[in-house]
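Read the structure below first, then the notes.
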Amino acid sequence: MNKKLRDFLLLNLGVLLVSVGVYFFKFPNHFSTGGVSGLSILLAKLLPAVSPGTLVLVFNCLFLVLGFVLLNRSFGLKTVYCSLLFSGLTKGFEVLFPLAAPLTGERMLELVFAMALPAVGSAILFNLDASTGGTDILAMILKKFTRLDIGKALMASDALIACSTFFLFDVQTGLFSVLGLLMKSLLVDSVIENINLKKQFLIITTAPREVCGYINKNMHRGATVWQAHGAYTDGERWVILAAMNRTQANMVRKFVKIVDSHAFVLISNTSDIIGKGFRGM
677 MNKKLRDFLL
687 LNLGVLLVSV
697 GVYFFKFPNH
707 FSTGGVSGLS
717 ILLAKLLPAV
727 SPGTLVLVFN
737 CLFLVLGFVL
747 LNRSFGLKTV
757 YCSLLFSGLT
767 KGFEVLFPLA
777 APLTGERMLE
787 LVFAMALPAV
797 GSAILFNLDA
807 STGGTDILAM
817 ILKKFTRLDI
827 GKALMASDAL
837 IACSTFFLFD
847 VQTGLFSVLG
857 LLMKSLLVDS
867 VIENINLKKQ
877 FLIITTAPRE
887 VCGYINKNMH
897 RGATVWQAHG
907 AYTDGERWVI
917 LAAMNRTQAN
927 MVRKFVKIVD
937 SHAFVLISNT
947 SDIIGKGFRG
957 M
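Note that my numbering has the sequence shown beginning at 677, numbered continuously upward.
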């Protein structure tokens, strides 16, 4: 599949997951865990004539305008597209699938979906250097014009939004919102790490030519080789360093076992590889 088409489809999937989690699970339960959606839930309580979906649309459009004026479009076309799509989907769901109450009576179950779906969607968007806009654009503006610690400022604003549910709704909703905020921060990082998970190989072998040839030709990956001396065997060895995805790692492990059954192989997880074939700087 063409990479641009694949990225475009993933972009839409990510926004769809975020939108479904927000509209079908966060909105009806009033789970205010920060961001534009959380702020919209609070304001919709104060302004009953305006729906959360409408407020999401208004806020995102406002932030986009501010971004264009103050950031000179540096926040990217992907974020503009995702922000408008997210706003359109939440408003569209509101028209097509009006919800007068939560889907189930199990609020804990719905909290899991309210956090998990947007977490997976946000992780997909993060890997494509995109986001659904909103407070992300606000963070870029603050970073440009102030010396605030943006991470701490956004966390404080999210915590304030979550704690506000204690006063605007009830204690149970407030507790769910605070719990959801904690889940969100853990889930997004965890999902991003798992999506990016790669394997790092350190192979100590007497058959470097065969192993490197397999990695180069079959896996289409590079490798670094250096000569070493075994302290226990007192013999010449070669050390091969390589990185690849999980499927490739399993294939390389099996191949090494065939060509050099006495090879010493260390395999470790890594989720942040920078360089050709992986991520840019």
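Don't be surprised by glycine CBs; every beta carbon is placed ideally from N, CA and C.
Every value quoted in this text rests on a predicted model; they were computed, and no experiment measured them.
- Query: For Thr808, which three-state DSSP category applies?
  - Reply: Residue state, collapsed to three classes: coil.
- Out of curiosity, what's the CA-to-CA distance linking Met784 and Arg823? 39 Å
- C-beta contact flag for Val935 and Met859 at 9 Å: no
- Message: What does the alpha-carbon distance come out to for the pair Val852 and Cys839?
- Response: Position check: residue 852 holds Phe in this sequence, whereas Val was assumed. Phe852 and Cys839: Cα-Cα distance of roughly 10 Å.
- Query: Name the DSSP bridge partner or partners of Gln876?
  - Reply: BP columns for Gln876 point to Ala919, Ser944.
- Task: Please go through the region 740 to 786 and give each complete alpha helix (DSSP H) segment of 4 or more residues, from N-terminal end onward.
- Result: 753 to 772
- Message: Within 9 Å of any Cβ in chain C, is that where the Cβ of Gly810 sits?
- Response: Although the question refers to chain C, the structure presented lacks it and comprises just one protein chain.
- Message: Using 8 Å for Cβ pairs, my map puts Ala835 next to Thr881. What's the rounded Cβ distance?
- Response: At roughly 52 Å, the Cβ-Cβ gap does not stay under 8 Å, so Ala835 and Thr881 are not in contact.
- Query: Between the Cα of Tyr757 and the Cα atoms of Ile916, Phe931, Asp805, Phe877, which residue gives the shortest distance?
  - Reply: Asp805
- Return the bridge partner residues of Gln903 from the DSSP annotation. Trp914
- Beta-carbon contacts of His706 that lie in its chain and below 6 Å, excluding the five residues immediately before and after: Ile717, Phe845, Thr849
- Counted within 10 angstroms of its Cβ, other Cβ atoms place Asp812 as buried (16 or more) or exposed: buried
- Task: Please report the residue range of the alpha helix (DSSP H) in which Pro884 lies.
- Result: Looking at the DSSP string, the run of the alpha helix (DSSP H) that includes Pro884 is 884 to 893.
- Item | Opposing strand residues paired with Thr881 [DSSP bridges] | Trp914
- Determine the contact status of Phe762 and Thr808, defining contact as a CB-CB distance below 9 Å. yes
- Query: Roughly how many whole angstroms lie between the Cα atoms of Asp825 and Pro778?
  - Reply: 37 Å
- Task: Report back the beta-carbon spacing between Gly797 and Gly911 to the nearest angstrom; my notes put them in contact at under 8 Å.
- Result: That belief does not hold up - the Cβ atoms of Gly797 and Gly911 are roughly 53 Å apart, past 8 Å.
- Task: Using beta-carbon positions only, say whether Val915 and Ile891 come within less than 9 Å of one another.
- Result: no
- Message: Closest to Leu878 by C-alpha separation, out of Gly697, Ala919, Asn894, would be which residue?
- Response: Minimum Cα-Cα distance from Leu878 among the listed residues Gly697, Ala919, Asn894 corresponds to Ala919.
- Nearest-angstrom Cα distance between Ala725 and Pro704? 16 Å
- Nonlocal neighbours in the same chain, by C-beta distance under 7 Å from Leu863, ignoring five residues either side: Met791, Ala792, Ala795
- Which whole-angstrom value describes the C-beta separation of Leu715 and Ile837, a residue pair presumed to lie in contact below a C-beta threshold of 8 Å? 6 Å
- Task: Pull up the distance between the alpha-carbon of Asn678 and that of Phe843, whole angstroms please.
- Result: 50 Å
- Task: Flag this pair as yes or no: are the beta carbons of Gln876 and Arg897 separated by less than 9 Å?
- Result: no
- Phe684 lies in the alpha helix (DSSP H); which residues open and close that run? 679 to 696
- Query: Do His896 and the ligand SAM come close, with the Cβ less than 8 Å from some heavy atom?
  - Reply: The model depicted lacks the ligand SAM and carries no ligand whatsoever.
- Message: Measuring only the C-alpha atoms, how far is Met816 from Asn926?
- Response: Met816 and Asn926: Cα-Cα distance of roughly 41 Å.
- Flag this pair as yes or no: are the beta carbons of Leu769 and Ser695 separated by less than 9 Å? It is worth fixing the name first, because residue 769 is Phe in this sequence and not Leu. Result yes, Cβ atoms of Phe769 and Ser695 sit closer than 9 Å.
- Task: Could you work out which residue in Val771, Leu731, Ala799 is closest to Asn688 when comparing CA atoms only?
- Result: Ala799
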